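2 protein chains.
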Amino acid sequence: MMEAIGAATMFHALSNTDRLAVLRALVAAGPDGLSAGEIAEQVGASPSRASFHLSALSDAGCVTRERQARSQRYRVDFERMGQLLAYLLEDCCGGNEQVRNCCVSHKSCC
Amino acid sequence: MMEAIGAATMFHALSNTDRLAVLRALVAAGPDGLSAGEIAEQVGASPSRASFHLSALSDAGCVTRERQARSQRYRVDFERMGQLLAYLLEDCCGGNEQVRNCCVSHKSCC
DNA sequence: CTTTCATTTCAATGGTTCTTGAAATAAATT
DNA sequence: AATTTATTTCAAGAACCATTGAAATGAAAG
Numbered sequence: 082m083m084e085a086i087g088a089a090t091m092f093h094a095l096s097n098t099d100r101l102a103v104l105r106a107l108v109a110a111g112p113d114g115l116s117a118g119e120i121a122e123q124v125g126a127s128p129s130r131a132s133f134h135l136s137a138l139s140d141a142g143c144v145t146r147e148r149q150a151r152s153q154r155y156r157v158d159f160e161r162m163g164q165l166l167a168y169l170l171e172d173c174c175g176g177n178e179q180v181r182n183c184c185v186s187h188k189s190c191c
Numbered sequence: 082m083m084e085a086i087g088a089a090t091m092f093h094a095l096s097n098t099d100r101l102a103v104l105r106a107l108v109a110a111g112p113d114g115l116s117a118g119e120i121a122e123q124v125g126a127s128p129s130r131a132s133f134h135l136s137a138l139s140d141a142g143c144v145t146r147e148r149q150a151r152s153q154r155y156r157v158d159f160e161r162m163g164q165l166l167a168y169l170l171e172d173c174c175g176g177n178e179q180v181r182n183c184c185v186s187h188k189s190c191c
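These protein sequence lines are chains A and B, in that order.
Numbers 82 to 191, taken from our numbering, label the letters of the first sequence in order.
Numbers 82 to 191, taken from our numbering, label the letters of the second sequence in order.
Here you go:
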């Protein structure tokens, strides 16, 4: 379960289109994730800019990092993202039916 | 369906504990919503500070506002919040099963 | 042990966000 | 019309965020 401060921190990490692009790239890459360099290239950011955004995502808990030889491998932290989704649904929407249905079949409502 | 810039704007609106408290108050209030003054009182903010946060939530589309005599009535915009939840699930998590299950029975995974 | 490669950290800069209290607007009441 | 009530807007200041390029770190290879 997640408290407000943690949710706010994750929401902040998601409040930037560069960082959303990073997540899309990681989702597209699948279970192996991507290295910092691959991410930088895919989202069209300089290494230091990519690193800045990756730190924000990692500090908030949206992604995990793992060193692999010279490079750093990043993956989406689905457990943590699931907790955030639960927070959004329960705390921000009171478990509203219309919102909940978006998970079951997201074509029917959104 | 929601594009990245709209999602980022909504995520930014949710990235502040005062604004999360506003949403909790609105959810607790039910379908009638709350006036700006009631919200300010419930979250312990000055009128101008509450108004600042309400504008952020309203501009992002998290809540609707409607004038009612002298006061302004705010409500959660569940349609828009559902779209954001769908964005979080699909674009940020690739429809991941573990994340999706949080909506069906959020005790089982989070 | 020096070089190379991958990534992060740092300092400087410019931009955005939040808070506060005062002034302005908007709508109803007297 | 003047007053009261509800809310927003404004200006100033502090705090925080994002971008850049250069310097520093970490890990492997020659």
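Glycine included, each C-beta is placed from N, C-alpha and C at the ideal position.
Note that the structure is a prediction, hence the values are computed from the model and not measured.
- Query: In whole angstroms, what is the alpha-carbon distance linking A/Ile120 and B/Gly125?
  - Reply: One C-alpha to the other measures close to 42 Å.
- Determine, using beta carbons only, whether B/Leu47 and B/Ala94 come nearer to each other than 8 Å. The displayed coordinates of chain B run from 82 to 191. Any statement about residue 47 of chain B would go beyond what the structure contains.
- Message: Give the list of continuous beta strand (DSSP E) stretches no shorter than 3 residues that lie fully inside the segment 129-155 of chain A.
- Response: 144-149
- Contact check, A/Asn177 vs B/Phe159, beta carbons under 8 Å: The answer is yes: Cβ separation under 8 Å.
- Put B/Leu169 into one of helix, strand or coil per three-state DSSP. helix
- For A/Met82, count neighbouring C-beta atoms within 10 Å of its own C-beta (all shown protein chains included) and say buried if the count is 16 or more, exposed if not. So A/Met82 counts as exposed.
- A/Ser189 to A/Met162 span [Cα, whole Å]: Residue placement at A/Ser189 cannot be trusted, given a pLDDT of 45 that sits under 50; what the coordinates show is reported in the next sentence. Each residue's alpha carbon lies about 23 Å from the other.
- Message: Between A/Leu170 and A/Val180, how many whole angstroms is the CB-CB distance? I'm expecting something under 8 Å.
- Response: 6 Å
- Residues of chain B with a CB under 7 Å from the CB of A/Ile86: which are they? Under the 7 Å cutoff, chain B gives Thr98.
- Task: Helix, strand or coil for B/Leu95, going by three-state DSSP, please let me know.
- Result: coil
- Message: Any C-beta of chain B within less than 9 Å: which residues of the segment 119-141 of chain A qualify?
- Response: none
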